[in-house]
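The next block holds one structure in the form of structure tokens; read it before the comments.
Numbering (the working numbering), first residue to last: 14 to 263.
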């Protein structure tokens, strides 16, 4: 009976010892894995303006950090702080690598003196002018980026039959719109019924005024039932300016 009793408690005790030993071995193995140093960083993305060397400079201090000890959120925050970075993904790759995926900001329009708009109408400032963009200029009050981008696309489509492009589109503090075209003509659209005025402008420039683009200096469409036009010279002459006045009030 005594032998039988001893065997009854020895089996669980032996199992507990084995389990503890396995746990210690597992913990030791986990510590070893956690302490495997990061040896490689792979930076992926199509960069037109972003300085890849600056990205590598941010990543350098994280080399040698343990595989599970590396601070991924911190790396993401540091990279997102770069002015030309739009989105960042960072992940580990066994056994000793970090994979970094960066989406660069894509400028589609200049915004004000130092900023740019991306395709989502978000404003970003790169810290220095971007070279060789040749982008049109838009400007407006804070928070107007999406509205400016939407209006620019809308007006560009309307003006396509005219062959003219928008050089600048401005929205002032009183919500009045002003546009400069590629022929140098300044267009005042005012505050009210702006889309319809833009359609009328496109109709005139592609129809009645199709052959007069270079003579038109200024178009004032702030009138309720007419348009005022400033003409530069007459056909075959230079130096003379004429004004076609409209009826109605601006």
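Glycine included, C-beta positions come from ideal geometry on N, C-alpha and C. Note that the structure is predicted; figures quoted are calculated from it, not measured.
I think residue i touches residue j, with their Cβ atoms under 8 Å apart; what is that distance to the nearest whole Å?
| i | j | result |
| --- | --- | --- |
| residue 189 | residue 176 | Their Cβ separation, rounded to whole angstroms, is 26 Å, which puts residue 189 and residue 176 out of contact at 8 Å. |
| residue 193 | residue 178 | Incorrect: roughly 10 Å between the Cβ atoms, too far for contact. |
| residue 201 | residue 191 | 6 Å |
| residue 241 | residue 172 | So it is not a contact: roughly 19 Å between Cβ atoms. |
| residue 56 | residue 70 | Not quite, the Cβ-Cβ distance comes to about 11 Å (not below 8 Å), so this is no contact. |
| residue 226 | residue 217 | Actually they are not in contact, since the Cβ atoms of residue 226 and residue 217 sit about 11 Å apart, beyond 8 Å. |
Going straight from the alpha carbon of residue i to that of residue j, what length do you get?
| i | j | result |
| --- | --- | --- |
| residue 182 | residue 158 | 12 Å |
| residue 73 | residue 67 | 10 Å |
| residue 42 | residue 107 | Model confidence at residue 42 stands at a pLDDT of 49, short of 50, so the residue's coordinates are unreliable and nothing is read from them. |
| residue 105 | residue 54 | 9 Å |
| residue 121 | residue 49 | 44 Å |
| residue 336 | residue 231 | Absent from the model: residue 336. The displayed extent of the chain is 14 to 263, so no value can be given. |
| residue 229 | residue 155 | 32 Å |
| residue 195 | residue 174 | 14 Å |
| residue 234 | residue 152 | 20 Å |
| residue 2 | residue 102 | One cannot answer for residue 2 here, as it falls past the ends of the chain, which runs 14 to 263. |
| residue 244 | residue 143 | 36 Å |
| residue 146 | residue 85 | 34 Å |
| residue 264 | residue 238 | For residue 264 there is no data in the structure shown, the boundaries of the chain being 14 and 263. |
| residue 87 | residue 94 | 11 Å |
| residue 197 | residue 148 | 16 Å |
| residue 220 | residue 58 | 46 Å |
| residue 60 | residue 129 | 17 Å |
| residue 150 | residue 100 | 25 Å |
| residue 164 | residue 185 | 14 Å |
| residue 160 | residue 187 | 15 Å |
| residue 199 | residue 62 | 32 Å |
Identify which residue in the options has its Cα closest to the Cα of residue i.
| i | options | result |
| --- | --- | --- |
| residue 112 | 89, 133, 125 and 134 | 89 |
| residue 91 | 62, 130 and 115 | 115 |
| residue 64 | 118, 186 and 241 | 118 |
| residue 97 | 140, 76 and 240 | 140 |
| residue 76 | 51, 70, 184 and 239 | 51 |
| residue 132 | 184, 162 and 223 | 162 |
| residue 280 | 185, 58 and 236 | Any property of residue 280 remains undetermined from this structure, which presents the chain solely from 14 to 263. |
What does DSSP give as the partner residues of residue i in its beta bridges?
| i | result |
| --- | --- |
| residue 102 | 114 |
| residue 190 | 184 and 203 |
| residue 53 | 110 |
| residue 231 | 199 and 243 |
| residue 121 | DSSP output for residue 121 lists no bridge partner at all. |
| residue 179 | 194 |
| residue 152 | 183 |
| residue 136 | 130 |
| residue 79 | 50 |
Taking 7 Å as the threshold (beta carbon to beta carbon), is residue i in contact with chain B?
| i | result |
| --- | --- |
| residue 150 | Chain labels in this structure do not include chain B; a single protein chain is all it has. |
Item to check | Stretch-stretch touch, CB-based, cutoff 8 Å, three pairs: the segment 72–86 with the segment 134–149 | outcome: no
Next on the checklist: So, does the segment 167–175 touch the segment 119–131, judging by three or more C-beta pairs under 8 Å?
Outcome noted: no
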